[in-house]
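K.L.:
Chains as they are written, first to last, in our numbering: chain A, 190 to 306; chain B, 531 to 639. Glycine included, each C-beta is placed from N, C-alpha and C at the ideal position. Below is a structure I'd like to ask you about.
If you want it as structure tokens, here you go:
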């Protein structure tokens, strides 16, 4: 069974930084592209970023370019999202998800990030 | 990277059929056969119901079907059941990124 477990969320101050992690199991992690998707409270899903299998190719939504960095450690079956210069509008549930030939197929349960002073 | 356009809400009675539309552009829905649909119950993670426009993952009821015409994709749910009440999102590949619709709240009356 495919499992994705996110961690690293919590309460953060504006202007601060955080790193989210996502551990994958039940599949060959290194063979799949991976995504981060976020959902602000009461709002819809928003695609954030994706990374290819070996981490050499990344992409970001325009709204987060320059502040977010996606990366992965295939030896640890772990996906990361580094977020700098935190803003109130970054408050959201952050989901990691697996890509299957261009489809975001399996999702984690999410980790909640709250940015507030 | 504008969001795909979905109706905010749809409703239907048990046993009826409903269709949710998802309108994009020639840069996303119209150019790629990579449209997926997700069901999200309150407080839960999304679940893929349709991928590649019209394919159903194993385990998803055949009451769910997808189609696409031009820049618009559609999700049809037939034989509505109470458990279908949820939020539904479409998603399309858009060349170097992915874009979601704003979501549709389905109410089963």
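Counting only the same chain and skipping the five closest in sequence on each side, list residues whose C-beta sits under 6 Å from that of residue 303 (chain A).
P.N.:
Residue 303 (chain A) sits at position 114 when you count from the first residue of the first chain. The residues are 200, 280.
K.L.:
From the DSSP output, in three-state form, read off residue 216 (chain A) for me.
P.N.:
For the purposes of this step, residue 216 (chain A) is taken as the residue at position 27 of the first chain. If DSSP states are grouped into helix, strand and coil, residue 216 (chain A) belongs with coil.
K.L.:
Quick check: the Cα distance between residue 235 (chain A) and residue 252 (chain A), rounded to an integer number of angstroms?
P.N.:
Counted from its first residue, the first chain places residue 235 (chain A) at position 46. Counted from its first residue, the first chain places residue 252 (chain A) at position 63. Those two C-alpha atoms are separated by around 10 Å.
K.L.:
With 7 Å as the limit, tell me which residues of the region 609-628 of chain B have their beta carbon closer than that to any beta carbon of chain A; keep them in chain order.
P.N.:
Under the 7 Å Cβ criterion, the region 609-628 of chain B contributes 619, 621, 623, 626, 627, 628.
K.L.:
Let's see if you can read the secondary structure: which residues bound the beta strand (DSSP E) around residue 191 (chain A)?
P.N.:
Walking along the first chain from the start, residue 191 (chain A) turns up at place 2. Unbroken run through residue 191 (chain A): none, as it is neither H nor E.
K.L.:
Closest by CA to residue 553 (chain B), which one among B:531, B:639, B:601, B:544?
P.N.:
Taking the second chain and counting its residues from 1, the one referred to as residue 553 (chain B) is at position 23. Nearest C-alpha to residue 553 (chain B): B:601.
K.L.:
Roughly how many whole angstroms lie between the Cα atoms of residue 576 (chain B) and residue 567 (chain B)?
P.N.:
Position 46 of the second chain, counted from the first residue, corresponds to residue 576 (chain B). Position 37 of the second chain, counted from the first residue, corresponds to residue 567 (chain B). Going by the C-alpha atoms only, they are around 9 Å apart.
K.L.:
Return yes when the Cβ of residue 203 (chain A) is within less than 8 Å of the Cβ of residue 276 (chain A), no when it is not.
P.N.:
Working through the first chain from its first residue, we reach residue 276 (chain A) at position 87. Working through the first chain from its first residue, we reach residue 203 (chain A) at position 14. Cβ atoms of residue 276 (chain A) and residue 203 (chain A): closer than 8 Å.
K.L.:
Let me check understanding here. Comparing Cα to Cα, which of B:578, B:598, B:599 lies closest to residue 589 (chain B)?
P.N.:
Working through the second chain from its first residue, we reach residue 589 (chain B) at position 59. Per the Cα distances, B:578.
K.L.:
Just reading off the beta strand (DSSP E) that residue 287 (chain A) is part of, what are its end residues?
P.N.:
In the first chain, residue 287 (chain A) corresponds to position 98, counting from 1. Residue 287 (chain A) -> beta strand (DSSP E) spans 281-289.
K.L.:
Looking at C-alpha atoms only, which residue of A:306, A:225, A:196, A:287 is the closest neighbour of residue 218 (chain A)?
P.N.:
Counting from one through the first chain, the residue named residue 218 (chain A) turns up at place 29. Comparing Cα-Cα distances from residue 218 (chain A) to each of A:306, A:225, A:196, A:287, the minimum goes to A:287.
K.L.:
Any idea what DSSP makes of residue 277 (chain A), helix, strand or coil?
P.N.:
The count along the first chain starts at 1 and reaches residue 277 (chain A) at position 88. Helix.
K.L.:
Kindly indicate which residue of A:224, A:301, A:267 has the alpha-carbon position closest to the one of residue 295 (chain A).
P.N.:
Locating residue 295 (chain A) in the first chain gives position 106, where the first residue counts as 1. Selected option, being the one with the closest Cα: A:224.
K.L.:
What's the call for residue 250 (chain A), buried or exposed, on a 16-neighbour Cβ count within 10 Å?
P.N.:
Mapped onto the first chain, residue 250 (chain A) falls at position 61. By the neighbour-count rule (16 or more Cβ atoms within 10 Å), residue 250 (chain A) is buried.
K.L.:
So residue 269 (chain A) and residue 226 (chain A) are in contact, right, with Cβ under 8 Å, and what is the actual spacing, rounded?
P.N.:
Residue 269 (chain A) sits at position 80 when you count from the first residue of the first chain. Residue 226 (chain A) sits at position 37 when you count from the first residue of the first chain. Rounded, the Cβ-Cβ distance is 15 Å, inconsistent with contact.
K.L.:
In this structure, how does DSSP classify residue 614 (chain B) when only helix, strand and coil are distinguished?
P.N.:
As a working mapping, residue 614 (chain B) is identified with position 84 in the second chain. DSSP places residue 614 (chain B) in helix when its eight states are reduced to three.
K.L.:
Straight-line CA distance for residue 244 (chain A) to residue 273 (chain A)?
P.N.:
The sequence position of residue 244 (chain A) within the first chain is 55, counting from 1. The sequence position of residue 273 (chain A) within the first chain is 84, counting from 1. The straight-line gap from Cα to Cα measures roughly 20 Å.
K.L.:
Quick one, which residues of the region 554-580 of chain B are near chain A if we go by CB-CB under 7 Å, in chain order?
P.N.:
Against chain A - using a Cβ distance shorter than 7 Å - the residues of the region 554-580 of chain B are 564, 566, 575, 576, 578.
K.L.:
For residue 246 (chain A) and residue 609 (chain B), I'd like the C-alpha separation in whole angstroms.
P.N.:
Here the question's residue 246 (chain A) lines up with position 57 in the first chain. Here the question's residue 609 (chain B) lines up with position 79 in the second chain. Near 43 Å, if we compare the C-alpha coordinates of residue 609 (chain B) and residue 246 (chain A).
K.L.:
Does the separation of the CB atoms of residue 547 (chain B) and residue 606 (chain B) fall below 8 Å?
P.N.:
Numbered from 1 along the second chain, position 17 holds the residue referred to as residue 547 (chain B). Numbered from 1 along the second chain, position 76 holds the residue referred to as residue 606 (chain B). Against a cut-off of 8 Å, the Cβ pair of residue 606 (chain B) and residue 547 (chain B) comes out as a contact.
K.L.:
Thinking residue 211 (chain A) and residue 297 (chain A) are a contact (beta carbons under 8 Å), I'd like their distance in whole angstroms, please.
P.N.:
By 1-based counting over the first chain, the position of residue 211 (chain A) is 22. By 1-based counting over the first chain, the position of residue 297 (chain A) is 108. Confirmed, about 6 Å.
K.L.:
What does residue 205 (chain A) touch in chain B if you count any residue whose Cβ is under 8 Å from its own?
P.N.:
Mapped onto the first chain, residue 205 (chain A) falls at position 16. Here the premise fails: no neighbours, minimum Cβ distance about 26 Å.
K.L.:
Measure the CB-CB distance between residue 622 (chain B) and residue 558 (chain B) and report whether it falls below 8 Å.
P.N.:
Taking the second chain and counting its residues from 1, the one referred to as residue 622 (chain B) is at position 92. Taking the second chain and counting its residues from 1, the one referred to as residue 558 (chain B) is at position 28. It is a contact, given that the beta carbons lie within the stated cut-off.
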